[in-house]
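Order-wise, the sequence lines are chains A and B. Per numbering that gives the first Met the number 0, the first sequence runs over residues 0 to 300. Per numbering that gives the first Met the number 0, the second sequence runs over residues 0 to 300. Even for Gly, the Cβ is constructed at its ideal location relative to N, Cα and C. Here the structure is a predicted model, which is why all the values come from computation and not from measurement.
Protein chains: 2
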Amino acid sequence: MKLTILGCHSGTPLVNANPSAQVLDIQNRLFLIDCGEGTQLQLRKNKIKFARIKHIFISHLHGDHFFGLPGLISTFRLLGRNTELHIYGPKGIKEAVLLLLKLGNSYTNFPLLFHELEHTTPALIFEDEKITVTTIPLNHRIYTNGFLFKEKEGERILNIEAARKHEIETCYFQNIKKGMDVTNKKGVVIKNESVSFPPHHPKSYAYCSDTEFYPEIVSQIKNSTVLYHESTFLEAHKHLCKKTKHSTARQAAQIASQAQVETLILGHFSTRYGDVKQFEKEAQEVFKNVLLAKEGKEFIF
Amino acid sequence: MKLTILGCHSGTPLVNANPSAQVLDIQNRLFLIDCGEGTQLQLRKNKIKFARIKHIFISHLHGDHFFGLPGLISTFRLLGRNTELHIYGPKGIKEAVLLLLKLGNSYTNFPLLFHELEHTTPALIFEDEKITVTTIPLNHRIYTNGFLFKEKEGERILNIEAARKHEIETCYFQNIKKGMDVTNKKGVVIKNESVSFPPHHPKSYAYCSDTEFYPEIVSQIKNSTVLYHESTFLEAHKHLCKKTKHSTARQAAQIASQAQVETLILGHFSTRYGDVKQFEKEAQEVFKNVLLAKEGKEFIF
């Protein structure tokens with residue numbers, strides 16, 4: 000599971016402070032999460048192949064999370080894309096994107112499929128044989144979802160020594176991985192548990208931005224491998240959180256702690272802060288395993 | 000008259016190849032012309048004060064000329080702007096911008112005034128005591144205007160020596176500058192021409208992008224101080240001009256030559272060309288005084 004940060008700042012873009020966008024590479028699928036202005040340039044800078052992006056998830060329709068989307072779609076069109084592109088985002092996103100394409104007489108030649116979201120409880124919005132994606136309803140100024148990316152539980156792991164000891168023929172090994180009991184050469188039924196180990200623990204990634212402090216999400220993101228939680232402000236500016244519906248670094252850490260995630264990544268920093276080191280320090284008073292997002296940074300879990 | 004190039008490339012943004020945007024500083028007024036994705040960052044890089052921008056002119060609604068506008072407006076809002084912003088562009092621009100602001104629940108606190116254009120002949124769209132701006136109807140795949148920025152003819156210049164010789168009192172000097180005849184101390188009427196010089200020649204700037212080769216514009220832009228004309232392609236790729244409705248460097252030079260402008264600036268280069276020096280060479284075979292646009296470059300006339 001690899002996460003590449005394309006932008007992790009709030010509000011207005013500055014040089015080296017890009018608005019929200021990131022790419023999650025999980026089980027060889029590439030998901031683009033949020034798409035602030037300039038995302039297509041950030042994708043190029045980070046050498047991410049445009050053709051690999053088939054699913055884009057937009058948390059909410061504030062400009063710093065979505066004004067890069069029309070340009071990215073236009074670029075896909077200019078590059079001659081012909082494969083499907085799926086866009087998941089709040090209701091209204093389809094009207095907005097299609098209006099812009101219509102005004103430019105630039106409808107895409109490739110299938111552009113919108114999945115508009117209105118759920119106010121967690122909803123499964125993507126599933127294939129290896130991955131699920133579920134919305135995480137957040138509490139922001141406008142309708143906003145985080146997204147929980149989860150590997151499905153994989154196959155059980157064959158205990159080859161035990162299988163041989165039980166004289167099981169190799170043609171049954173596949174069934175063992177699938178969790179089935181099998182019959183050995185002597186016609187004896189061998190319990191699956193005695194010839195296999197449990198599957199690897201599935202990894203999960205919870206993206207939570209933008210939101211005010213919102214412990215309602217804790218049960219859903221419990222034990223996630225990684226939580227990316229917005230921390231627009233430090234506690235020194237906590238008074239700004241109420242009106243803007245954002246969180247502090249400390250509040251993000253409280254969510255991480257309550258949800259007992261393995262790792263917390265902080266991002267969506269207000270550009271008022273020159274140095275974000277203080278965010279790490281503040282969060283670590285509550286939750287130890289804290290990392291800071293940074294444009295161009297890759298995290299591997 | 001100062002022109003700052005923020006972006007002068009066509010199609011998809013690349014590092015160091017920004018889509019169309021430029022700032023014209025004329026008679027102490029600042030006009031933003033086109034606003035491709037990333038324009039707000041280019042404004043910052045070029046240290047142009049956001050508050051000085053009161054009028055934005057959008058040639059057409061292809062993404063590389065206008066996808067930076069919603070983000071720029073949002074940034075103006077976040078910065079607490081309270082002065083009027085006037086936007087001139089093709090019909091549909093208002094609906095698009097307002098829909099994006101509505102979806103983000105981010106209507107501006109400052110007056111946002113749209114001047115939607117549908118004229119197919121040159122139309123005066125801006126006028127104050129020093130400047131006029133007129134549309135230049137172009138020939139592109141969608142409805143497109145260039146813009147002709149023109150200084151008004153200034154006051155006549157007082158010939159102070161002649162005025163003294165004719166014994167004219169200083170309280171009449173203002174009338175002389177306004178072109179009036181005046182009466183001297185002896186009660187004799189003195190003709191304006193004998194105590195003043197003609198005003199400075201007014202400067203003008205014609206922005207023509209995007210368009211195919213379109214000599215219909217020549218009469219309107221005749222004798223302009225500066226013509227910025229798109230040259231997406233070189234003659235080697237002239238066959239692409241017909242379908243895309245763009246021009247070559249040579250064609251841009253032909254327009255400049257026919258219009259007898261003083262200086263031609265080439266821009267809107269396709270990103271297929273690594274080195275744009277060839278554009279200058281090609282154009283100079285037809286018209287001598289050619290300059291090449293470049294991100295961050297300032298031209299003073």
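> Does the beta-carbon distance from A:Leu-40 to B:Gly-37 come in below 8 Å?
Replying inline: Residue mapping note: residue 40 of chain A aligns to position 41 of the first sequence, counting from 1. Residue mapping note: residue 37 of chain B aligns to position 38 of the second sequence, counting from 1. Between A:Leu-40 and B:Gly-37, the C-beta spacing is below 8 Å.
To the nearest angstrom, report how far apart A:Gly-91 and B:Val-217 are at their CA atoms.
Residue numbering aside, residue 91 of chain A sits at position 92 when the first sequence is read from its first letter. Residue numbering aside, residue 217 of chain B sits at position 218 when the second sequence is read from its first letter. Taking the straight line from one Cα to the other gives about 44 Å.
For A:Leu-233, does the three-state DSSP call read helix, strand or coil?
For this step, residue 233 of chain A is matched to residue 234 along the first sequence. Collapsing the DSSP output to three states places A:Leu-233 in coil.
Q: Report the rounded CA-to-CA distance for B:Gly-10 versus A:Glu-229, giving the unit in angstroms.
A: Position 11 of the second sequence, counted from the start, is the residue given in the question as residue 10 of chain B. Position 230 of the first sequence, counted from the start, is the residue given in the question as residue 229 of chain A. Approximately 33 Å, taken between the alpha carbons.
Locate the alpha helix (DSSP H) running through A:Gln-259, then write down its first and last residues.
The residue you call residue 259 of chain A lines up with position 260 of the first sequence. No alpha helix (DSSP H) contains A:Gln-259, which DSSP labels as neither H nor E.
Can you tell me whether A:Cys-170 is helix, strand or coil according to DSSP?
In the first sequence, counting from the first residue as 1, residue 170 of chain A sits at position 171. Here A:Cys-170 sits in helix by DSSP.
| field | Three-state class that DSSP yields for B:Gln-41 in the structure shown | value | One-based indexing of the second sequence puts residue 41 of chain B at position 42. It is helical.
Cα separation between B:Arg-140 and B:Lys-242? Looking up residue 140 of chain B in the second sequence gives position 141. Looking up residue 242 of chain B in the second sequence gives position 243. A straight line joining the alpha-carbon of B:Arg-140 with that of B:Lys-242 spans about 8 Å.
| message | The alpha helix (DSSP H) that contains B:Pro-69, what's its start and end? | response | Counting from one through the second sequence, the residue named residue 69 of chain B turns up at place 70. In the DSSP assignment, B:Pro-69 falls within the unbroken alpha helix (DSSP H) covering 68-77.
Query - Given A:Val-188 as reference, the closest of A:Ala-162, A:Ala-251, A:Phe-196 and A:His-199 once Cα atoms are compared - result: Here residue 188 of chain A refers to the residue found at position 189 when the first sequence is read from its first residue. Residue A:Ala-162 is the option with its Cα nearest to A:Val-188.
| message | The beta strand (DSSP E) that contains B:Leu-102, what's its start and end? | response | Counting from 1 along the second sequence, the entry for residue 102 of chain B is found at position 103. Boundaries around B:Leu-102 are those of the alpha helix (DSSP H), 92-102, since no beta strand (DSSP E) includes it.
Open item on the list: Rounding to the nearest angstrom, what Cα-Cα distance links B:Tyr-142 and A:His-199 in this structure?
Closed with: As a first step, residue 142 of chain B is located in the second sequence; it is residue number 143 there, counting from the start. As a first step, residue 199 of chain A is located in the first sequence; it is residue number 200 there, counting from the start. For B:Tyr-142 and A:His-199, the distance between alpha carbons rounds to 58 Å.
| What does a CB cutoff of less than 6 Å around A:Arg-244 pick up in its chain, not counting 5 residues either side in sequence? | Position 245 of the first sequence, counted from the first residue, corresponds to residue 244 of chain A. For the sequence presented, residue 244 of chain A should be read as Lys rather than Arg. Same-chain partners within the cutoff: His-139, Arg-140 and Glu-211.
- [ ] Starting from B:Val-14, find everything on chain A with Cβ-Cβ shorter than 9 Å and list it in chain order.
- [x] Here residue 14 of chain B is taken as the residue at index 15 of the second sequence, counted from 1. The contact set of B:Val-14 on chain A, defined by CB atoms closer than 9 Å, consists of Leu-40, Arg-43 and Lys-44 in chain order.
Under the DSSP definition of a beta bridge, which residues are partnered with A:Tyr-227? Against the first sequence, residue 227 of chain A aligns to sequence position 228. Per DSSP, A:Tyr-206 and A:Ile-264.
Q: Give a yes or no on whether the C-beta atoms belonging to B:His-85 and B:Lys-53 are separated by under 8 Å.
A: Counting from one through the second sequence, the residue named residue 85 of chain B turns up at place 86. Counting from one through the second sequence, the residue named residue 53 of chain B turns up at place 54. Going by C-beta atoms, B:His-85 is nearer than 8 Å to B:Lys-53.
Item to check | Interface partners of B:Ile-141 on chain A, CB under 7 Å | outcome: Start at 1 with the first residue of the second sequence, and residue 141 of chain B comes out as number 142. Here the neighbours are Gly-103 and Asn-104.
Neighbour-count burial assignment, B:Ser-383, 16 or more Cβ in a 10 Å radius: Lying outside 0 to 300, the shown extent of chain B, residue 383 of chain B is not represented and no answer is given.
### Query
Just to confirm, are A:Tyr-106 and A:Leu-98 a CB contact at a threshold of 8 Å?
Walking along the first sequence from the start, residue 106 of chain A turns up at place 107. Walking along the first sequence from the start, residue 98 of chain A turns up at place 99. With respect to A:Leu-98, A:Tyr-106 sits apart: the two C-beta atoms are not nearer than 8 Å.
*asked:* Counting only Cβ-Cβ distances shorter than 7 Å, please list the residues of the segment 51-65 of chain A near chain B, keeping chain order.
replied: Here the close residues are Leu-60, His-61 and Gly-62.
Bridge partner(s) assigned by DSSP for B:Asn-15: Within the second sequence, the letter at position 16 stands for residue 15 of chain B. According to DSSP, B:Asn-15 bridges with nothing at all.
Residue environment, B:Thr-134, which counts as buried when at least 16 other CB atoms sit within 10 Å
Numbered from 1 along the second sequence, position 135 holds the residue referred to as residue 134 of chain B. Under a 10 Å Cβ-count criterion, B:Thr-134 is classified as buried, with 16 or more other Cβ atoms of the shown protein chains found around its own Cβ.
Exercise. Take the Cβ of A:Pro-18 as the centre, count every other Cβ of all protein chains shown within 10 Å, and call the residue buried at 16 or more, exposed below.
Key: As a first step, residue 18 of chain A must be located in the first sequence, where it is residue number 19. By the Cβ neighbour-count rule, A:Pro-18 is buried, with 16 or more other Cβ atoms within 10 Å of its own.
Is A:Arg-249 helix, strand or coil by DSSP?
Your numbering for residue 249 of chain A matches position 250 in the first sequence. Collapsing the DSSP output to three states places A:Arg-249 in a helix.
Compare the C-beta of B:Glu-94 with all C-beta atoms of chain A and state if any pair is closer than 8 Å. Residue numbering aside, residue 94 of chain B sits at position 95 when the second sequence is read from its first letter. Any Cβ of chain A closer than 8 Å to the Cβ of B:Glu-94 would place that residue at the interface, and such an atom is present.
query = Per DSSP, which one or two residues make a beta bridge with B:Val-22?
reply = Within the second sequence, numbered from 1, the residue matching residue 22 of chain B stands at position 23. Bridge partners of B:Val-22: B:Thr-3 and B:Leu-31.
query = What runs of the alpha helix (DSSP H), each 4 residues or longer, lie entirely inside the segment 131-172 of chain A?
reply = The segment 131-172 of chain A contains these whole alpha helix (DSSP H) runs: 159-164.
At a CB-CB cut-off below 9 Å, which residues of chain A make contact with B:Thr-3? Here residue 3 of chain B corresponds to residue number 4 of the second sequence, with the count starting at 1. For B:Thr-3, none of the residues of chain A pass the 9 Å Cβ criterion, the least Cβ distance being about 17 Å.
Quick check on the burial criterion: 16 or more other C-beta atoms within 10 angstroms. Buried or exposed for B:Asn-144? Against the second sequence, residue 144 of chain B aligns to sequence position 145. That one is buried.
Do B:Phe-286 and B:Ala-255 have their CB atoms nearer than 8 Å?
-> Numbered from 1 along the second sequence, position 287 holds the residue referred to as residue 286 of chain B. Numbered from 1 along the second sequence, position 256 holds the residue referred to as residue 255 of chain B. In this structure, B:Ala-255 lies closer than 8 Å to B:Phe-286 by Cβ.
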